[in-house]
Amino acid sequence: MGGVELKELREEVKKVTREILMLAARRNELVLKIAEIKQKLGIEVLDRQVEIELFNDSLKISEEIGLDKDFTSRLISFFISESTKIQLEKTRRVEKVGLREIFYMAVELERSGKKIIRLEIGEPDFTAPKDVVEEACRALREGRSRYLPSYGITELRKAIAEHLNELYGTDFKSENVLITAGGVMAIYVAVQVLSNIGSEVLVPEPAWPLYREIAEHLGRRYVPIKTRLEDGWIIKSGELSKHASPASSILIINYPNNPTGKALTLRELKNLVEEARGSGLTIISDEVYSRYYFHDKYSPSIVKVLNEGYVLVGSFSKMWGMTGYRIGYLVGDRAFIDRAAKILGLMMTCIPEFIQRAALKALTDDEVVVKNVDEIRKRVQYMYSKLKKNSLIEVYPPDGTFYLFPRIKIPGLDSSDFALKLLREYGVAVAPGSGFGEYPQHVRLSAVKPIHEIDEGIEKLNQAIQEIV
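The opening position of the sequence shown corresponds to residue 264 in our numbering, with each subsequent residue numbered one higher.
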């Protein structure tokens with residue numbers, strides 16, 4: 264009897280599954296019709312308020328029928344992601360080039376012998392200090408290239424904790440630190456630990472493109488919160504709450520910001536964090552540019568605002584010129600660090616010890632950081648002064664980082680087409696603004712080259728703008 268009943272139940276499951284698939288197909292047909300209407304009316308594909316209404320209605324139904332709320336949220340998030348994908352494919356124009364393509368093209372042009380002024384990439388022209396290089400070599404000669412615990416060497420974890428404690432007056436221990444292969448891996452691991460497949464990752468835009476790529480690669484839904492130059496690149500009060508849904512789990516913030524150079528005051532950071540925590544969000548604070556802050560020794564940090572509910576991302580790449588060393592770190596509570604270490608161990612076992620020893624040496628040299636920041640500040644301010652002289656350019660006065668994100672006041676300008684023209688005809692590489700969100704009139708400029716190259720690059724930028732006008 265039991266075997267017969269089991270067979271019947273399995274057949275019923277198949278039948279219900281088929282019905283679900285038929286309904287999913289019907290849903291996709293409706294979404295296509297919506298896309299066609301939006302295209303005719305010139306309406307944007309994304310409508311966050313409609314999405315949140317769908318979430319709320321679905322959760323009411325799930326409560327009435329006794330369906331798990333988390334399951335419902337993940338399911339609706341998947342439906343919305345699929346709907347967005349269908350609509351974007353329906354309305355998609357010709358694929359535009361982004362930062363990655365411009366970078367590759369610039370490299371190839373240089374290899375062919377053409378001079379290219381490289382203002383597209385955020386890599387400083389200074390390299391690691393000599394004593395850091397020597398420490399890496401010494402560690403290699405001593406055979407420090409064997410397997411390690413995935414957490415990182417205790418000496419480096421402790422040194423990072425003490426470094427942060429000295430800067431911010433915190434009380435971190437080595438157990439609060441995980442060594443990662445750069446900031447990218449730190450963010451990747453943090454998103455994986457702090458969210459589930461189908462959950463939402465909220466990010467203020469303009470934003471570093473890899474936030475979106477990481478979220479989507481991990482099966483999370485990326486939800487942008489657009490900010491504007493006219494508002495000083497700040498999230499207006501209440502805007503974050505409007506974008507949060509029952510499926511939202513993480514807010515990623517990056518101040519000082521890549522690409523705008525915007526930094527928040529401590530009060531602005533507190534307001535944003537309070538709103539985020541009120542919406543039940545855990546915060547990933549990407550602070551790799553924290554020392555590239557032009558108003559103080561360091562920018563306002565999440566650690567000055569919260570005692571829990573956040574993860575901090577740091578890196579050695581920018582401050583010490585160690586981009587190719589690929590070493591960064593995560594800071595969080597012990598439970599988070601333990602989970603993150605397991606994921607890191609699956610991905611790459613551990614960070615090579617000779618690289619960790621080099622990073623440990625770098626932490627003893629704060630003078631080089633001060634020197635690097637001072638040099639970049641001069642370059643950024645020079646670039647800003649040059650851009651301000653062009654009446655067809657609007658730009659935020661940067662608080663920090665290497666970057667400026669000017670808007671070119673030419674109606675209908677496409678930043679991808681403009682970046683291609685600038686590269687091919689003028690020999691200047693810039694990052695299209697469309698890679699950082701819906702900013703087709705913006706380009707990102709990186710002030711990491713010597714003043715004379717910045718000067719020449721901006722002159723050619725101005726020439727290209729005049730040609731278009």
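For each residue, glycine too, the CB sits at the ideal point set by N, CA and C. Here the structure is a predicted model, which means the values were calculated and not measured.
Length of the line joining the Cα atoms of residue i and residue j
i    : j    : result
I516 : R407 : 36 Å
V636 : I416 : 28 Å
Q729 : E571 : 51 Å
L330 : F318 : 14 Å
R404 : A422 : 23 Å
G698 : P412 : 37 Å
K605 : N428 : 26 Å
F435 : G577 : 14 Å
F668 : A526 : 14 Å
H558 : L575 : 21 Å
F681 : V440 : 43 Å
F579 : V395 : 11 Å
V464 : Y474 : 9 Å
D629 : G584 : 13 Å
Y556 : T664 : 7 Å
D310 : P487 : 11 Å
I639 : R290 : 53 Å
A470 : P695 : 12 Å
A391 : K634 : 13 Å
Y414 : K624 : 18 Å
K270 : S508 : 40 Å
Q644 : Q704 : 22 Å
R554 : V711 : 15 Å
E275 : A288 : 20 Å
N459 : E657 : 40 Å
E438 : G482 : 29 Å
Cβ shell of residue i (< 8 Å), same chain only, five flanking positions each side left out
i    : result
K353 : L295, A298, E299 and Q302
V732 : L655 and I673
R409 : E616
K378 : G690
V308 : A298, K301, T347, Q350, L351 and T354
T586 : E386, P387 and S580
F366 : E383, I384 and A692
With 16 other Cβ atoms within 10 Å as the buried cut-off, status of residue i
i    : result
C400 : exposed
P674 : exposed
I283 : exposed
A453 : buried
R687 : exposed
V279 : exposed
E468 : buried
Y713 : A quick correction: the sequence has Pro, not Tyr, at residue 713. Exposed.
T443 : buried
R374 : exposed
T612 : exposed
R597 : exposed
G524 : buried
G700 : buried
E268 : exposed
L293 : exposed
Closest residue to residue i among the options (Cα-Cα distance)
i    : options                   : result
R337 : I349, L322 and L427       : L322
K489 : E479, S500, H480 and R483 : S500
I595 : D549, D320 and R484       : Looking at the sequence itself, residue 595 is Gly, so the reference to Ile does not match. Out of D549, D320 and R484, D549 has the C-alpha closest to the C-alpha of G595.
Y666 : T586, Y552 and Q619       : Y552
Y588 : N653, D601, L492 and G446 : G446
Y573 : I513, Y556 and R273       : I513
R620 : Y485, E438, G482 and R420 : R420
K505 : V267, Q312 and I721       : Q312
S564 : R642, V536 and I306       : V536
I343 : T443, S562 and S511       : S511
L382 : K533, Q726 and G720       : G720
G520 : H480, S562 and G608       : Going by the sequence as given, residue 520 is Asn instead of Gly. Of the listed residues, the one whose Cα sits closest to N520 is S562.
K393 : A424, D662, G482 and V631 : V631
Cβ-based neighbour list, residue i, same chain, cut-off 7 Å, excluding 5 preceding and 5 following
i    : result
K567 : Y431 and L529
H426 : L626
I497 : T490 and E531
L724 : L685 and V691
E538 : L503 and S504
A369 : I379, R381, E383, L686 and A692
L683 : V360
E398 : R620, A621 and K624
Residues of its chain near residue i, where Cβ-Cβ distance is below 6 Å and the 5 sequence neighbours each way are ignored
i    : result
G461 : R337, S340 and F341
E716 : I380
E476 : none
Whole-angstrom C-beta distance between residue j and residue i, which should lie under 8 Å
i    : j    : result
V706 : F599 : Contact flag wrong, Cβ pair sits at about 37 Å.
L544 : M646 : So it is not a contact: roughly 35 Å between Cβ atoms.
Y659 : G495 : 7 Å
A449 : G305 : Between G305 and A449 the Cβ distance is about 40 Å, and since that is not below 8 Å, they are no contact.
F718 : K649 : It should be pointed out that residue 718 corresponds to Asp in this sequence rather than to Phe. The Cβ separation is near 7 Å, so the contact holds.
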